[in-house]
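Here the numbering used here is used: the first residue of the sequence shown is 28, the next is one more, and so on. Just so it is clear, CB atoms sit at the ideal spot from N, CA and C, and this is done for glycine as well. Computed from a predicted structure; not experimentally measured.
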Amino acid sequence: MVGAYAIHPFRSNLMLNNEIVLDTPEYVGYYQKARYELLNLAANTCPQRILEIGCGAGANLSEAKKRWPSCHTVGVEARADAAAIAASCLDRVILADVRLLPNEAFAAAGFDLIILSHVLEHFEDPSAILAKSLNWLGPNGQLLVALPNVRHASVLVDLVFHGEFRYRSSGILDQTHLRFFTRRSAQRMLEQAGFELMQVVPEFGGNKSKALNRWTLGLAEEFAAYAYNFRLARA
């Protein structure tokens, strides 16, 4: 074990995706996949203290450690098996529902970088998580947020032509997603939470989505992007 591993004492009703089983390809994709495109948004920074809320098995923070070897990595994760894996490679892991962590949970100096990678859509009130993030962010810190795009063509085709809005075990219509966002609604939520948008980058999945965006010269971006990556600072 690399760092401290703590279990927060309060019980939680946070809904977890328990259909995704440890040691399966689905688990690797869900909990052990680094989001390189998101981390690339912080390429011109040199963060010393990084917090990830919903760190999974620690893939993002492990990649961050490779990019910034001197950084101190802290992860918060609600699923016990993922948190245990993360504890083997991060400086500190807290097994907890972030909603139950007090504002005083971390040092007053704040974090240089906070990561929310495909996390906010799992909460009834994502604004509350953003409020905590703003509280824990250092004066010159940055926030990275990744959110799935419900305006993606795959969702619209099923909805418009087949009358279907069918939840799945993972993806944009993950059965544990409680909130859905387009690029505009996501940006509005982030700005209303007290952040200033510095950069937004679409993320494309398969070749069909990339081709759709290319063929339309970017005009169909909001239908081709399966997710959006945001870089923000204090407003």
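Assumed close pair residue i, residue j - CB separation to whole angstroms, cut-off 8 Å
i, j, result
"Asp124", "Ala136", "With a Cβ gap of about 24 Å, Asp124 and Ala136 do not count as contacting."
"Ala262", "Gly198", "Ala262 to Gly198, Cβ: 32 Å. No contact."
"Glu223", "Leu259", "6 Å"
Residue closest to residue i, alpha-carbon to alpha-carbon, out of the options
i, options, result
"Asp59", "Ala251, Ser144, Glu249, Gly85", "It is worth fixing the name first, because residue 59 is Gln in this sequence and not Asp. The shortest Cα separation from Gln59 among Ala251, Ser144, Glu249, Gly85 belongs to Gly85."
"Pro175", "Pro74, Thr209, Ala132", "Thr209"
"Glu64", "Glu151, Cys98, Arg206, Ala173", "Ala173"
"Asn162", "Ala109, Arg195, Leu128", "Leu128"
"Leu200", "Leu171, His145, Arg215, Leu164", "His145"
"Ala70", "Ile80, Glu90, Leu78, Glu79", "Glu90"
"Val184", "Gln214, Val120, Ala251", "Ala251"
"Arg119", "Lys92, Asn130, Ser196", "Lys92"
"Arg195", "Ser181, Glu248, Val187", "Ser181"
Buried versus exposed, by CB contacts within 10 Å (16 or more), residue i
i, result
"Asn240", "Note that Asn240 scores a pLDDT of 49, beneath 50, so its modelled location is shaky; the value from the coordinates is reported in the next line. Asn240 is buried by the Cβ-count criterion."
"Glu148", "buried"
"Gly190", "exposed"
"Ser160", "buried"
"Ala134", "exposed"
"Phe150", "buried"
Contact with chain D by residue i, beta-carbon distance below 8 Å
i, result
"Arg126", "In the displayed structure, chain D is absent; only one protein chain is listed."
Straight-line gap, residue i to residue j (C-alpha atoms, nearest Å)
i, j, result
"Asn256", "Arg62", "10 Å"
"Cys82", "Gln219", "24 Å"
"Pro74", "Ala114", "20 Å"
"His179", "Leu78", "29 Å"
"Val177", "Asp152", "18 Å"
"Cys116", "Phe192", "38 Å"
Within 8 Å, strictly: CB atoms of residue i and residue j
i, j, result
"Val228", "Leu66", "no"
"Leu143", "Leu170", "yes"
"Leu157", "Leu217", "yes"
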